[in-house]
Amino acid sequence: MEMQTSTFERQKGMALYKQIYLKLRKDIMQGYLKKGDRLPSIRSCEQLFKVSKTSVERAYQLLLDEGYISSRPQAGYYVDVDEEHVRMRLSLLQNVQRNPTYRIRYDFRSQSMDHDAFDMTLWKKYLKEVLELHQVITTYGDAQGEVSLREALQKYAYSMRGVLCDVDAILIGASFQSLLFLLCGLLDKQMIVGMEKSGFSQAEEVFKSYGFPIVYLSLEEDGISIAELRKHHVQVLYINAGSLGKNHQPLSKKNKEELLRWAKQANAFIIEDDHNGELRYATKVTSAMQGFDMGERIFYIGSFSRLLLPSLRISYLVMTQDIKQRYISRKDNYAPTSSKIEQLALARYITDGHLERHIRRLKKRYEKKSQHMFDLLHTYLPEASCILEEASLQYVLRFPYELNYAEILVEGEKKGIAFNINSCQELVISFAAIAEKDMDEGIYRLRQLLHENAI
């Protein structure tokens, strides 16, 4: 069937090929053109729209690329989407239009960071240096991570967290979750995992994907119950040793020693997620558990999402001796997941001492912002119980009244205020991204929002 179209009117400021493409797409979406309808030849289209051959060819190519039309040899171009596909495409377009984005003025979310806290000029310098290494960056990276970065991390992790390992035990990946996926594959069998009820949702998803049964542990005053681990036959314990329970307290030295004994006796593993363990400023910094184990039963995971940039996708896993050998024997079957260019730049940045200096500055900065936020919360929301999650740079707020969290999230964004709700249905506000000068007004507006939506 020959094409029946709506009228074509030229628009100033838009390329002709784009106008033709949009006009034909609209005709398909609105039913002027149906599946099987034949479009005019390129020559006929030139005459119909009074445009050049190039404009028509580019418009048709766009429609071909997006699946709206197909080309048949010696026969021309035909509409290639049926009514069901038209409905789906319309639905997608309408969803984009129906979900407006709001300008966030007061960002209390934990996914962002203070853009003034990182020396971008210095980081660009290191990236530029690496980009000049043409022979290096035009080859594939090491699946285990670039050697120069693993060497830098070996020294850094020992200096900052007391982690003891050799360079070959370090595995670099794009995120802790991607490293955890790889680790579960290396364990070679399903294992019972013990972990806290909340706080490790991304880790939980990995274990569930592998079919690992999960036991949610109840915490005692001094930490994790060894009796409970034995009762449930836990084979892998997943913890953040520096932040346990609702009050986010570190494990006691006694409990650490008990857990190490349990792991050796039960032939079990401990995965220590040391999420931003370097950033502690309000509590005493304790060394990572891994340093007491000598690479026998503890896996250690570290990352740089809060230390540098959330968009810098580099994390690292320190493997136990047995799993290290298993990984090396299979290494040729894996591919790198983290940017080689960023790894090489980070290696130089760490080796030159900038990371440790940056962390010292960050600790002072976040200590000041944390105290300022606490004072404002005490002033504007005195009824709230405020729990500091130090490594996550945020406060958990608990209220003596009910709140409709789904509603306040939406209403908050409309008013330019963004925050998080955790898995326990508690309000979480971070001081990482928001500028100190905006905190006062932001928390005042948050108070108004909460009081308006209290049940």
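Residue numbers (UniProt numbering): 1 to 455. Just so you know, even glycine gets a beta-carbon here, dropped at the ideal spot from N, CA and C.
**Request:** Would you mind reading off the limits of the alpha helix (DSSP H) that contains Glu441?
**Result:** 436-452
**Length of the line joining the Cα atoms of Leu446 and Glu411** = 11 angstroms
**Asked** Would Tyr401 be called buried (16 or more neighbouring beta carbons within 10 Å of its own) or exposed?
**Response** exposed
**Message:** For Phe207 and Thr379, I'd like the C-alpha separation in whole angstroms.
**Reply:** 42 angstroms
**Request:** Would you decide whether Ile443 is buried or exposed? Buried here means 16 or more other CB atoms lie within 10 Å of its CB.
**Result:** buried
**Prompt:** Do Glu272 and Ile239 have their C-beta atoms closer together than 9 angstroms?
**Reply:** The criterion of a C-beta distance shorter than 9 angstroms is satisfied by Glu272 and Ile239.
**Item:** Cα-Cα separation between His358 and Cys386, rounded to whole angstroms
**Value:** 28 angstroms
**Message:** Rounding to the nearest angstrom, what Cα-Cα distance links Ile214 and Val234 in this structure?
**Reply:** 9 angstroms
**Message:** Looking at the strands, I want to know which residues DSSP matches up with Leu388.
**Reply:** Tyr395
**Request:** Drop a sphere of 10 angstroms on the beta-carbon of Gln154, count the other beta-carbons inside from all chains shown, and report buried for 16 or more, exposed for fewer.
**Result:** buried
**Request:** Could you check which residue in Asp114, Leu180, Glu356, Ala174 has the C-alpha nearest to that of Ser430?
**Result:** Asp114
**Request:** Name, in chain order, the residues that DSSP records as bridge partners for Tyr216.
**Result:** According to DSSP, which records beta bridges pairwise, Tyr216 is partnered with Met195.
**Message:** Just to confirm before moving on: does the CB-CB distance between Ala157 and Gly302 stay below 9 angstroms?
**Reply:** yes
**Request:** Alpha carbon to alpha carbon, how far is Lys254 from Asp293? Give it in angstroms, no decimals.
**Result:** 14 angstroms
**Request:** Compute the beta-carbon to beta-carbon distance between Leu62 and Ser71, rounded to the nearest angstrom, for a pair I have assumed lies under 8 angstroms.
**Result:** The pair is not a contact, with the Cβ atoms about 13 angstroms apart (cut-off 8 angstroms).
**Request:** Quick one: grab the DSSP three-state call for Phe108.
**Result:** coil
**Prompt:** Around the Cβ of Ile20, are there at least 16 other Cβ atoms within 10 angstroms (buried) or fewer (exposed)?
**Reply:** buried
**Request:** Could you round the C-beta distance between His232 and Gly194 to whole angstroms and report it? I think they count as a contact, below 8 angstroms.
**Result:** 7 angstroms
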